[in-house]
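Peer 1: Got a structure for you, questions after.
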Amino acid sequence: MNCITYLTTNIYNTTTNQPNLCSSATWYTNATTFANSSTIGINSTGVFVSVNNTLYVVNQQTNKVIVWYNGSINPDQIISGNLSRPFDLFTTPIGDIYVDNGLSYSRVDKFSFNSSINTSVMSVPNQCNGIFVDISNTLYCSASNSHQVVKKWLNDNVLTSTMVAGTGTAGSTATTLNKPIGIFVDAQVNLYVADSLNNRVQMFAVGQSTGITVAGASASGTITLNNPYGITLDGNGYLFIADCYNHRIVGSGPNGFRCLFGCTTIAGSSSSQLNYPTSLSFDSYGNLYVADRSNNRQYRPPPALLLPQAAAPQVVVLLLPQAAALQVALPLLLPQVAAAAPQVALLPPPPPPLVRLLLPRAAAAALQVALLPLPLLPLPPPATALLVALLLPLLLAVLLPPVKVPQAALLLQLPPVVLLALVKVPQAAVRRVVAVLQVVLLQVALLLLPLPPPLVEPLQAAAVPQVALLLPVILQQVGLLHVNLNQPSFCPSITWYTDAITFANSSTVGTYVYGVFVSTNNTIYVANQQTNQVIVWYDGSINPDKILSGSLSSPFDLFVTPVGDIYVDNGLTNRRVDKFSFNSSISTSVMSVPYTCVGIFVDISNTLYCSTFTAHQVVKKWLNSSVLTSTIVAGNGTAGSTAATLNTPIGIFVDVKINLYVADSANNRIQMFPVGQLTGITLAGASVPGTITLNQPNGITLDGNGYLFIVDCYNNRIVGSGPYGFRCLFGCTTIYGSAPSQLYLPGTLSFDSYGNLFVADRFNYRVQKFILASNSCSLSYNQPTFCSNASWSVNAVTFPSSTTIGSLPYGIFVDGINTVYVPNRATSAILSWPQGSNTSTSNSYSNLSNPYSLFMSITGDIYIDNGYLYGRVDKYTFNTSNRVTVMNVNGSCFGLFIDINNNLYCSLKNLHQVVKVLLNNGTTIPTIAAGNGSAGSLSNMLNSPQGIYVDNTTTNQPNLCSSATWYINATTFANSSTIGINSTGVFVSVNNTVYVANQQTNKVIVWYNGSINPDQILSGNLSRPFDLFTTPIGDIYVDNGLSYSRVDKFSFNSSISTSVMSVPNQCNSIFVDISNTLYCSASNSHQVVKKWLSDSVLTSTMVAGTGTAGLTATTLNKPIGIFVDAQVNLYVADSLNNRVQMFAVGQSTGTTVAGASASGTITLNNPYGITLDANGYLFIADCYNHRIVGSGPNGFRCLFGCTTIAGSSSSQLNYPTSLSFDSYGNLYVADRSNNRVQKLILASNSCGKLFLYNGTLRSCS
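In structure tokens, the structure reads:
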């Protein structure tokens, strides 16, 4: 959130929290329940957060005030007094509490700071539904039943109150109120009143009894309210309202009102819903607490984006993670080039020189290492001046410790040479740092800053090609790489729901809608050609939030930059492009154009492009210049089909390398013009074989991987490219229509940041939203998530008939993009149907006989059974007829499968076994994976195996929703009578068999799924085994390192153990990954070691840690729990460093993902066991905090034992060590010092997953 506040004083000028929120501030849509009826009673209405973040709630049931100090999860204080169903309360900055006591006693009571005795301070007509104390120490009460607001100055001892708003009689005029509820008084002593039954918020200026409607009712351009209750203002004076009977929270900002929470307006009790919310209060961080009355709980939706906090009131710290940081630094430190970045003028000028720009030190250090060999560059003066301006603050951040204001002020005024001499940095180090930053900033300047042409050439001449290759990685590390619009990264098997939802229709966007654009903050903009307006929806809104009018004439297209400037076509009549600056409703001309701009784009160098279809050209203009004239960048102004000409160009796109893409509509092709070139290259359509046939392409865009997405207008469809080539995504029948799966001459398209696609469905007068369904990068096939009540129609439809697929069809495969493949055994051909198509394509292959099965890999290669006659499995490389034999077999493969380790499996029905081979391993001879070759029903036998499937995990990783909860009282699964004392290792296998290592008896205790008593006890020559792991095929690996320095294995169904790996000492954790590699965390040696189990060598190799205790990124200190994900990334609970480290595959440098130095995660105290769920979120046994914590999309949270107090009750733990999920999501925990294994039972796991029903998206919940 790139907004800046300047802290100049620490004196209160408000009596409540009013955080400074940016216009783009967002809150998570799933709130956390801070308190429920067990503490606050039922129908609780009043919640208040004081300036020191102490939370106060009135309990109407017990007539008490409940108090939580900052950071507490349990009440710290309960205040009792002679109260009668208190409705609201207020706490001043000095800690005095004012509580409604009007229902029975007609008064407001006060609990002085640190006092439990209440005194009466104001007489009131009846119950106070809202209470407020302003900065002049005046107390206000909204007496709802008397339709008035009364007040009293607290510095006198008279109890009588006076009327300040309302007449005492219900009414809807400017001087009357009808059931006023929430009140707020700003620093100018203006009174805001939620006039609930009038469905409005009134503002009474100081001393005035006539109110002005600022929201709801008759206030046009605001928002419709239904019984507003609680209200508050942020630091910028914008309103936030508990819209009670709409069950939502709404807020205003510079762009008008928008819904923040509960935006369906449907009452409910899920974490994304409210049920008659009454009051609301900010804490100092911007989190919002809501009294969710009919749900009997206090909600806290945390903000997704928080304002940076200053370290001290005298120092301004700018934490700008995006490229805007450099654009801010540029005019601050080199005023003479400020004209090159006019958008900086939008930011308030800071009080120089009290400014420091901080970059991550770790990132700077990484850059030094990465680019150490690079020399200093001989730059020409203009480039040097620019780089020095950018370099100075970075050098301060990298080379200097934090400094006080006078020092910073002095240093920032010194030239670089003096600065470097003062800090006494060795010259060699200075040269390295300067070289690194100089090269990086050079490339940043070239790609990200709006530089004038005179500076571009010398910078380009000095560029280092090797750095250009590293640039994306470098910029990503320091958070500088950005684009001007959403370009989500998609996997090859990306899919969307084929039935769109209508986002907007003709009632808002008019007829023949063409231009739609989604900005990087997911605000949606549509050009209404009928009304000549721009319609704006903020993220999450379903109704327009803003309508911009200007002197527009049938605007076709528009583009919005990340800073919020809107560029709109105004070429039809006025021959220009207009700009609405951020937060402005006035448009100005910025570029002259020949005619209508049917495509508009602004690239990262701040250059504006327009495709003028009647002039058969694309023109551009640098926006940092005041000249309006545009220049031709593609096309010569005459219709043509050569490489240098265009014919009716429509959509345009410019990538980060400034390559221009043009939908050359009448030529039915997409042209790409490399930067600086007037000759285009055809990428799709027309003369390009192997792409796709287009019919008048219109809108185009690129995803994060550079793949094209095209509105194929006259084919009434959307097509997209990927590693498999082009495919149709929506409207694939090419027949126009108005059904949810159809389009009618669509115009433009735009992604939001989530990957959803918005399309201007022009002749249906609507904007359609196609919702992302799946985006798996590891699987070539579909694994949909089903609701528990999923059902299928009992009447199937015939997809292809025998005339197409031949007789006795057997194999079928559907890939990740829903292409269907069927082998025709009669003709030995492979038939394929793209998604939505009824027409098949037949591919014949030579020397193919009676194929039973096939499988497509993630790269698009097809593996086909060819065992009937030729005894082999063949591979055909994607998009070629090149055949390679990859496996020799003795018969037909009735099933084929490739796992994520690249093992190819074949089920040999007639041989009663499954065989496998590791692809690209130099051999085609398979090994037996299952079955001994004889038909039978024993555990090591098969009988005519056919279909096969290989799971992609070795342990349970349930798919948990962000709102998943477990019962807070666990059940004891096993105690010391079976598992002994101080038991540490528990593991639940994929078939839900539970294994525990008994350190007392040196045995492994086994419970089969559903058993409550042990079913098996395994003995071996073990010595105090700490941990164990069981693979999906039932092999058990057990720590035996304490006395024997090894890991032992019990093969499936065997009671005899064998040594499989030598280890330095005890293994405090054991794991086997999907590549059959065994890991051991040797805690006392401060390292993790591993060994591939498919070889016979016992020696292990170090994979993490150095063998010496340390807290750097390459060292560990007493590592305990380990986990290896499907991408073979290693996670380590680095216990004495109080952190969890992640070591990417092949890397020995770890990244802290929880605890210690990982800001924004959670504080840990000796973490032990760790595991991941199916979404890659961490769950940790936080051993010395006696609790279990877990992460999710909203960050970390405590799940169990959240008091952090050791105990033996069913809600407590005592030094928990390991944890393991079963397949249902229940969590087993080794509760070491309680000598037991606890089972935490999953209570709820409702995600509100989307599914299609009769063409409509619905939710499981």
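So the sequence shown is numbered by full-length UniProt numbering: it starts at 1 and just counts up by one.
For every residue, glycine included, the Cβ atom is placed at its ideal position computed from N, Cα and C.
Buried or exposed: L911, going by 16 or more other Cβ atoms within 10 Å of its Cβ?
Peer 2: Buried is the call here.
Peer 1: With three or more beta-carbon pairs closer than 8 Å as the criterion, would you say the stretch 1055-1070 touches the stretch 1021-1034?
Peer 2: Taking 8 Å as the limit for Cβ pairs, the verdict is that the stretch 1021-1034 does touch the stretch 1055-1070.
Peer 1: On the DSSP bridge assignment, give the partners of W792 in chain order.
Peer 2: According to DSSP, W792 bridges with nothing at all.
Peer 1: Between L1164 and G1176, how many whole angstroms is the CB-CB distance? I'm expecting something under 8 Å.
Peer 2: About 19 Å; that fails the 8 Å criterion.
Peer 1: Mapping DSSP to helix, strand and coil, what is L471?
Peer 2: Only weak support exists for where L471 lies, its pLDDT of 37 falling under 50; the coordinates are left without a value.
Peer 1: Might you give, ordered along the chain, the residues of its own chain that have their beta carbon closer than 8 Å to the beta carbon of T631, omitting 5 neighbours on each side?
Peer 2: Hits under 8 Å: V619, K620, K621.
Peer 1: Helix or strand or just coil, what does DSSP make of S38?
Peer 2: DSSP places S38 in helix when its eight states are reduced to three.
Peer 1: Taking 7 Å as the limit between beta carbons, can you name the residues of its chain near residue 1262, skipping five residues before and five after?
Peer 2: A query on residue 1262 cannot be resolved here, the shown segment of the chain reaching from 1 to 1261 and no further.
Peer 1: According to DSSP, is N570 part of a helix, a strand, or is it coil?
Peer 2: DSSP places N570 in strand when its eight states are reduced to three.
Peer 1: Please report the distance separating the alpha-carbon of V328 from that of P562.
Peer 2: With a pLDDT of 34 at V328, under the threshold of 50, the modelled position of that residue is not reliable, and no figure is offered here.
Peer 1: Would you mind reading off the limits of the alpha helix (DSSP H) that contains S907?
Peer 2: Where S907 is concerned, there is no enclosing alpha helix (DSSP H), although the beta strand (DSSP E) it sits in stretches over 903-908.
Peer 1: Going by the CB atoms, is the gap between P784 and P823 shorter than 8 Å?
Peer 2: Contact flag unset, no.
Peer 1: Thinking C-beta only, is R575 closer than 8 Å to V590?
Peer 2: No, they are not a contact pair.
Peer 1: Checking 8 Å against the spacing of the C-beta atoms, do G1020 and D1048 come in under that value?
Peer 2: Yes; because the gap between Cβ atoms is below 8 Å, this pair is in contact.
Peer 1: Which residues share a DSSP beta bridge with C128?
Peer 2: In the DSSP output, where bridge partners are listed per residue, C128 has A143.
Peer 1: From the DSSP output, read off the bridge partner residues of K152.
Peer 2: Answer by DSSP bridge pairing, in chain order: L139.
Peer 1: In chain order, which alpha helix (DSSP H) runs of at least 4 residues are fully inside the stretch 921-996?
Peer 2: For the stretch 921-996, whole alpha helix (DSSP H) runs of length 4 or above, ordered along the chain, are 976-979.
Peer 1: Should L1078 be labelled buried (16 or more other beta-carbon atoms within 10 Å of its own) or exposed?
Peer 2: Under this definition L1078 is a buried residue.
Peer 1: Kindly confirm or deny that the stretch 220-229 and the stretch 119-128 touch, where touching means at least three C-beta pairs closer than 8 Å.
Peer 2: The stretch 220-229 vs the stretch 119-128: no contact.
Peer 1: Applying the criterion that 16 or more other CB atoms from any shown protein chain within 10 Å of the CB defines a buried residue, is A461 buried or exposed?
Peer 2: With a pLDDT of 39 at A461, under the threshold of 50, the modelled position of this residue cannot be trusted, and the question is left open.
Peer 1: So T1106 and S1062 are supposed to be a Cβ contact under 8 Å. How far apart are they, rounded?
Peer 2: About 19 Å; that fails the 8 Å criterion.
Peer 1: Which same chain residues, not among the five before or five after K424, have their C-beta less than 6 Å away from its C-beta?
Peer 2: Residue confidence is low: K424 scores 38 on pLDDT, short of 50, so the model does not pin down where it sits. Its coordinate-derived value is still stated next. Nothing meets the Cβ criterion.
Peer 1: Okay, do the stretch 285-298 and the stretch 42-58 touch, 3+ Cβ pairs below 8 Å being the bar?
Peer 2: Cβ pair count under 8 Å is three or more, so yes.
Peer 1: Taking the Cβ atom as the reference point for each residue, do Y98 and F90 lie within a distance shorter than 8 Å?
Peer 2: A contact, by the Cβ cut-off of 8 Å.
Peer 1: Could you tell me the distance, in whole angstroms, from the CA atom of Y567 to the CA atom of W68?
Peer 2: Cα-Cα distance, rounded: 49 Å.
Peer 1: Look up R85 in the DSSP assignment and give the residues it is bridged to.
Peer 2: Partner(s): none; R85 has no beta bridge.
Peer 1: With three or more beta-carbon pairs closer than 8 Å as the criterion, would you say the stretch 516-534 touches the stretch 227-239?
Peer 2: They do not touch, by the three-pair rule.
Peer 1: Would you decide whether L390 is buried or exposed? Buried here means 16 or more other CB atoms lie within 10 Å of its CB.
Peer 2: Any reading at L390 must be qualified, since the residue scores a pLDDT of 43, below 50, and its modelled position is unreliable; the value itself is stated next. By the 10 Å Cβ count, L390 comes out buried.
Peer 1: With which residues is Y754 paired in a DSSP beta bridge?
Peer 2: Answer by DSSP bridge pairing: none, since Y754 is not bridged.
Peer 1: List the endpoints of the continuous alpha helix (DSSP H) containing Y1008.
Peer 2: Y1008 -> no alpha helix (DSSP H), and no H or E assigned at all.
Peer 1: Residues in the same chain with beta-carbon distance under 6 Å from L274, minus the five sequence neighbours each way, listed in chain order, please.
Peer 2: If we look at L274 and ignore the five residues flanking it on each side, its Cβ neighbours are H247, G262, D292.
Peer 1: Which of the three DSSP states is assigned to V509 in this structure?
Peer 2: V509 falls in the helix class under three-state DSSP.
Peer 1: List the endpoints of the continuous alpha helix (DSSP H) containing L1042.
Peer 2: Taken as a continuous stretch (DSSP letters only), the alpha helix (DSSP H) holding L1042 covers 1041-1044.
Peer 1: Any idea if G1160 is buried or exposed, counting beta-carbon neighbours within 10 angstroms, 16 or more meaning buried?
Peer 2: With fewer than 16 Cβ atoms within 10 Å of its Cβ, G1160 is classed as exposed.
Peer 1: For T221, tell me which candidate among T162, F257, S1083, V1088 has the shortest Cα-Cα distance.
Peer 2: In the sequence on display, residue 221 carries Gly and not Thr. Minimum Cα distance to G221 is reached at F257.
Peer 1: Just to confirm, are S907 and Q946 a CB contact at a threshold of 8 Å?
Peer 2: Yes, Cβ-Cβ distance for S907 and Q946 is below 8 Å.
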